[in-house]
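For the protein sequence lines, the chains are F and G, in the order given. For the first sequence, the positions run 2 to 130 when our numbering is used. For the second sequence, the positions run 715 to 846 when our numbering is used. A short write-up of the structure that comes next.
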Amino acid sequence: MSIEDNKVAARAFMNATVRGEVRDDMLAADFVFWNAITGELPRETILSMPNALKEGIKGELKITETGITAEGNKVAIEAVSEAELKSGERYGNVYHFLFEFAPDGRIKRMAEHLDSSRVMPLLKALGLV
Amino acid sequence: MSIEANKAAARRFIANLPKDIIEEDRLAPDFTYWTIPTGTMSRDLLTAPGPKMSKLFDGPATITETGITAEGDRVAMEAKSDGLLVSGKRYSNIYHFLFVFTPDGLLREVKEHMNTAHFTETLGPVMMADAQ
């Protein structure tokens, strides 16, 4: 797949996670998610994330891309998010995601680099910690 | 400059950073350095004389590249650091840096995305104590 195809797929996945529209065929069989707090999570956890997000968040987590860098099978996306948790607490974060793609265009690895000191209320709401 | 030249410049910057070596002639006049805990720091702050990082560590600290993605004037670099702080705690952070270059290859912007929770537990208190 081309760099531009990978950018489109990375953006689609990022938006699908917050809308509860992640499809099984977006992820490679050995897909792994990582962030500094949760460590590595398998694809099953990520596929069930949208339901957890609906449980923990009032309305929708709004995620906005602020920059993109792509080369070979990798796409790095800068982004910011904003949401209101069911608890009434405001949640927002700053990201520098990295997506790595398999040759068939599916996502093999997603590393969510974010402000880990701010993420605990959301991870608790999602039951991930 | 080429993508490969920008990658080389980003690698050089990272190798020099823990040693307090800042090559001023490779920075754009409007250079900024951003991290979540510090916010945006100016060129003047980064190039002020005197040690900044090395004095916070007991012995050498290192930053090692673990992945790189470059396009146009941008270089995104995954990396990890390791060093023993003067407090006795180990600082081993995980990064996804972003470097932005000018068309003539000067470094305009560095964004240091890292595990802020680890920073708060380890390097943060050492920096605060040093600033007092």
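Virtual Cβ for every residue (Gly too), placed ideally from N, Cα, C. All figures in this text were calculated on a predicted structure; none of them were measured in a lab.
For residue i, which residues does DSSP report across the bridge?
i: G:Arg788; result: G:Glu785, G:Val814
i: F:Val23; result: None, per the DSSP bridge assignment.
i: F:Gly40; result: F:Asn36
i: G:Arg804; result: G:Leu798
i: F:Ile108; result: F:Leu28, F:Phe102
i: F:Pro68; result: One point to set straight first is that residue 68 of chain F is Gly, not Pro, in the sequence displayed. F:Glu79.
i: F:His97; result: F:Glu79, F:His114
i: F:Ala84; result: F:Tyr92
i: G:Ile821; result: The identity of residue 821 of chain G in the sequence shown is Leu, whereas the question assumes Ile. Note: G:Leu821 sits in a beta bridge opposite G:Leu741, G:Phe815.
i: G:Glu826; result: G:Thr749, G:Phe811
i: G:Thr761; result: DSSP output for G:Thr761 lists no bridge partner at all.
For residue i, count the other beta carbons within 10 Å of its own beta carbon; 16 or more makes it buried, fewer makes it exposed. Which is it?
i: F:Asn16; result: exposed
i: F:Thr70; result: buried
i: F:Gly73; result: exposed
i: F:Thr18; result: buried
i: G:Lys825; result: buried
i: G:Ala784; result: buried
i: F:Ser121; result: A quick correction: the sequence has Met, not Ser, at residue 121 of chain F. It counts as exposed.
i: F:Gly57; result: buried
i: F:Met111; result: buried
i: G:Leu791; result: Correcting the residue type first, residue 791 of chain G is Met in the shown sequence and not Leu. Buried is the call here.
i: F:Lys75; result: buried
i: F:Arg24; result: exposed
i: F:Arg20; result: exposed
i: G:Thr860; result: No answer is possible for residue 860 of chain G: it lies beyond the span of chain G, which begins at 715 and ends at 846.
i: G:Arg788; result: buried
Helix, strand or coil: which one does DSSP assign to residue i?
i: G:Glu718; result: helix
i: G:Pro732; result: helix
i: F:Asp116; result: coil
i: F:Asn16; result: helix
i: G:Gly753; result: strand
i: F:Val130; result: coil
i: G:Asp772; result: coil
i: G:Ala724; result: helix
i: F:Pro122; result: helix
i: G:Lys838; result: Sequence check: residue 838 of chain G is Gly here, not Lys. Three-state result, G:Gly838: helix.
i: G:Ala845; result: helix
i: G:Lys766; result: coil
i: F:Gly73; result: coil
Below 7 Å between beta carbons: does that hold for residue i and residue j?
i: F:Ser117; j: G:Asn807; result: no
i: G:Val840; j: G:Ser801; result: yes
i: F:Glu90; j: F:Ala80; result: no
i: G:Leu759; j: G:Ile736; result: no
i: F:Ile108; j: F:Leu42; result: no
i: G:Gly797; j: G:Ala831; result: no
What distance in whole Å lies between the Cβ atoms of residue j and residue i, which are believed to be in contact at a cut-off of 8 Å?
i: G:Met715; j: G:Gly819; result: 3 Å
i: F:His114; j: F:Phe98; result: 7 Å
i: G:Leu731; j: G:Asp772; result: So it is not a contact: roughly 18 Å between Cβ atoms.
i: G:His810; j: F:Ala77; result: 7 Å
i: G:Leu821; j: G:Ala742; result: 6 Å
i: F:Ala37; j: F:Leu62; result: F:Ala37 to F:Leu62, Cβ: 19 Å. No contact.
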